[in-house]
Amino acid sequence: MHPGFFRRPLGRGWLVCGLLVCGLALAACGSSSSSTSSTSSSSSTTSSSSSSSSGAVPASTLSSLAATVKAAEAAPAFKAPGPRVSASVLKGTSLVVFPVNSEIDACQTQSEDFKALGQSLGAKVTLISDAGEPPQWQTAVEDAVAAHDQGVAMMCGVIPGAIGPQLTAAAKAGVKVVDGNYNETSNYTGLDGETAVETAQGMADDVADALVNLNGKPLHALVVNSDSIIQGPVAGAAVGAAIKQDCPSTCSVTDTVTVPIQNWATATQSDLSAALLAHSNTNAVFIVFDGMTQFALPAVESSHITGLKVYTWGGSRSVEKLMESPNSLIAADPGPDEQWDAYEAMDQLIRLIGHQPAASVNNEVDPNVFFVPSNVTTFFGPGGTYGNAAFGGNAFITGFDKLWGVS
């Protein structure tokens with residue numbers, strides 16, 4: 001999942017969702033947010049040491065990291081996730097699509113793109129709106145089974161464990177269910193297919209960019225994460241792993257602030273403010289999901305730490321828009337293409353409905369593009385819409401069409 005900025009403030013739907021997901025996530029999350037110190041390969045240095053060049057990262061390493069970041073900015077090439085299949089199997093079928101929460105702009109956009117794509121391929125597609133409440137997800141799958149639909153696409157990483165009985169009923173009825181962006185756990189019981197995004201890779205690239213921007217000074221990173229979202233634990237760990245690899249002696253993770261999804265709006269700012277006050281040598285804040293950014297920015301702004309920048313992941317329109325502002329605090333926000341997400345989910349359903357095996361989740365990947373202030377204008381389409389110019393234009397669409405035998 002890649003939760004972008006919310007269309008409206010978090011409400012009761014997210015509270016219900018968060019409370020349930022906490023019990024299902026890979027790591028336990030408490031009833032309120034928490035800030036826990038994270039170990040690193042060395043203890044944090046003082047703010048005075050981090051403000052002067054210490055040669056923490058050799059020039060040769062910086063050169064390599066800069067090349068990594070530059071490569072991540074390039075348009076990704078389309079790679080077929082599996083053997084050719086025929087989209088003709090969709091003609092006359094009925095499909096259902098719903099996002100993890102319709103109030104998340106990026107997730108709703110994926111669902112709308114999926115509906116438009118399905119209709120163009122001859123399927124009847126029902127788009128169901130929801131407020132992030134698991135009972136709504138359950139009802140959506142139950143309705144698909146009752147209506148004898150052929151397939152269901154759940155966009156943005158719905159937690160399958162929240163709808164276990166419904167997935168069992170769908171399997172018995174022959175309804176194929178695909179979970180889009182649920183990439184940290186493959187072959188989850190009850191799912192027929194999955195697609196992936198590169199949250200952890202995006203955070204590792206963020207670390208590379210931060211080290212380059214610091215030009216050899218030691219990086220002291222504070223991580224803002226949410227274990228309520230399935231990619232959270234792995235993506236958060238990717239920050240520490242990248243730092244340990246590229247700057248093992250003098251760089252550090254000063255702290256990790258973990259906020260359950262139901263508390264994003266109420267606790268992110270206060271918890272991050274407390275952490276920044278306790279670790280004033282922090283010189284970069286890494287926000288795993290860019291949907292948390294709007295709640296974290298006030299804490300960064302009020303910290304008055306000179307040069308403090310935010311690195312996040314998700315590729316949502318609102319965060320990318322912030323990077324267009326002069327002196328933006330957002331240094332980077334890599335993310336995937338929403339339409340590509342929709343095509344991947346459709347590819348899996350074409351395979352499954354055509355009685356073919358699902359493609360490996362390791363191949364059905366919507367790749368990141370690394371967005372920074374210098375290239376962020378390429379993110380947008382006409383009128384500030386989601387665009388795909390940065391992702392190679394229609395190259396991936398042409399690739400899927402050829403794969404599916406669509407003229």
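Those letters in the sequence shown? Residues 1 to 407, by the working numbering. The beta carbon of each residue, even a glycine, is placed where N, CA and C say it ideally should be.
Name the residue from Asp149, Val224 and Asp341 whose alpha carbon lies nearest to the alpha carbon of valine 412. A question about residue 412 goes unanswered here, because the residues of the chain that appear run from 1 up to 407.
How far does the alpha helix (DSSP H) with alanine 221 in it reach, from first residue to last? Along the sequence shown, read from residue 1 onward, the residue named residue 221 stands at position 221. From DSSP, alanine 221 is part of no alpha helix (DSSP H) but of the beta strand (DSSP E) over 220 to 225.
Identify the continuous alpha helix (DSSP H) that holds leucine 349 and give its terminal residues. Locating residue 349 in the sequence shown gives position 349, where the first residue counts as 1. Per DSSP, leucine 349 belongs to the alpha helix (DSSP H) from 338 to 353.
Could you spell out where the beta strand (DSSP E) holding proline 99 opens and where it closes? Sequence index remark: in the sequence shown, residue 99 carries index 99 (1-based). From DSSP, the beta strand (DSSP E) with proline 99 extends over 94 to 99.
Comparing alpha-carbon positions, which option in Ala196, Glu198, Thr168 and Val197 lies nearest threonine 189? Walking along the sequence shown from the start, residue 189 turns up at place 189. Nearest option by C-alpha distance: Thr168.
With a CB to CB cut of under 7 Å and the five nearest residues on each side skipped, what residues in its chain are close to valine 158? For the purposes of this step, residue 158 is identified with residue 158 of the sequence shown, where counting begins at 1. Contacts found: Val100, Trp137 and Asp179.
Please list, in chain order, all residues of the same chain as alanine 238 whose beta carbon is under 6 Å from its beta carbon, the five residues on each side excluded. Taking the first residue of the sequence shown as position 1, residue 238 is located at position 238. Excluding sequence neighbours, alanine 238 sits near Ala200, Met203 and Ala204.
Any idea what DSSP makes of threonine 168, helix, strand or coil? Residue numbering aside, residue 168 sits at position 168 when the sequence shown is read from its first letter. Correct three-state label for threonine 168: helix.
Same chain, Cβ closer than 6 Å to glycine 23, five either side skipped, listed in chain order: Taking the first residue of the sequence shown as 1, we reach residue 23 at position 23. Interpretation of glycine 23 is limited by its pLDDT of 40, a score under 50 that renders its predicted location unreliable; no figure is taken from the coordinates.
Measuring alpha carbon to alpha carbon, tell me which residue in Gly393, Trp404, Ala87 and Pro336 is nearest cysteine 107. By 1-based counting over the sequence shown, the position of residue 107 is 107. The residue with the shortest Cα to Cα distance from cysteine 107 is Pro336.
In whole angstroms, what separates the C-alpha of glutamine 356 from that of threonine 61? Within the sequence shown, residue 356 is the residue found at index 356, counting from 1. Within the sequence shown, residue 61 is the residue found at index 61, counting from 1. Cα-Cα distance, rounded: 45 Å.
Excluding the five sequence neighbours on either side, which residues of its own chain have a C-beta within less than 6 Å of the C-beta of valine 372, listed in chain order? In the sequence shown, residue 372 corresponds to position 372, counting from 1. Taken in chain order, the residues that qualify are Ala332.
Just the C-alpha distance for lysine 402 and arginine 351, rounded to the nearest angstrom, thanks. Taking the sequence shown and counting its residues from 1, the one referred to as residue 402 is at position 402. Taking the sequence shown and counting its residues from 1, the one referred to as residue 351 is at position 351. Taking the straight line joining both Cα atoms gives about 14 Å.
Rounded straight-line distance, which links the Cα of glycine 55 to that of glutamine 339: Along the sequence shown, one-based indexing puts residue 339 at 339. Along the sequence shown, one-based indexing puts residue 55 at 55. In a straight line, the C-alpha of glutamine 339 is about 43 Å away from that of glycine 55.
According to DSSP, is valine 145 part of a helix, a strand, or is it coil? Walking along the sequence shown from the start, residue 145 turns up at place 145. Valine 145 falls in the helix class under three-state DSSP.
Under the three-state DSSP convention, the category glycine 202 falls into: Translated into the one-based positions of the sequence shown, residue 202 becomes position 202. Of the three classes helix, strand and coil, the one that applies to glycine 202 here is helix, per DSSP.
By DSSP, does serine 44 sit in helix, in strand, or in coil? Walking along the sequence shown from the start, residue 44 turns up at place 44. Confidence is the limiting factor: at serine 44 the pLDDT is only 32, short of 50, which leaves the residue's position unreliable and the question unanswerable from this model.
Endpoints, the beta strand (DSSP E) within which phenylalanine 286 is located: Counted from its first residue, the sequence shown places residue 286 at position 286. Phenylalanine 286 -> beta strand (DSSP E) spans 284 to 287.
Mapping the DSSP letters down to three states, classify alanine 25 as helix, strand or coil. Within the sequence shown, numbered from 1, the residue matching residue 25 stands at position 25. At alanine 25 the pLDDT is 39, less than 50, meaning the model places this residue with poor confidence; the figure from the coordinates comes in the next sentence. Of the three classes helix, strand and coil, the one that applies to alanine 25 here is coil, per DSSP.
Closest residue to serine 318 among Ile128, Ile305 and Leu297 (Cα-Cα distance): Within the sequence shown, numbered from 1, the residue matching residue 318 stands at position 318. Looking at the Cα atoms, Leu297 is the closest of the given residues.
According to DSSP, residues forming a beta bridge with valine 361: Stepping through the sequence shown from its first residue, residue 361 is reached at position 361. Paired residues: none, contrary to the question.
Would you decide whether glutamate 446 is buried or exposed? Buried here means 16 or more other CB atoms lie within 10 Å of its CB. No answer is possible for residue 446: it lies beyond the span of the chain, which begins at 1 and ends at 407.
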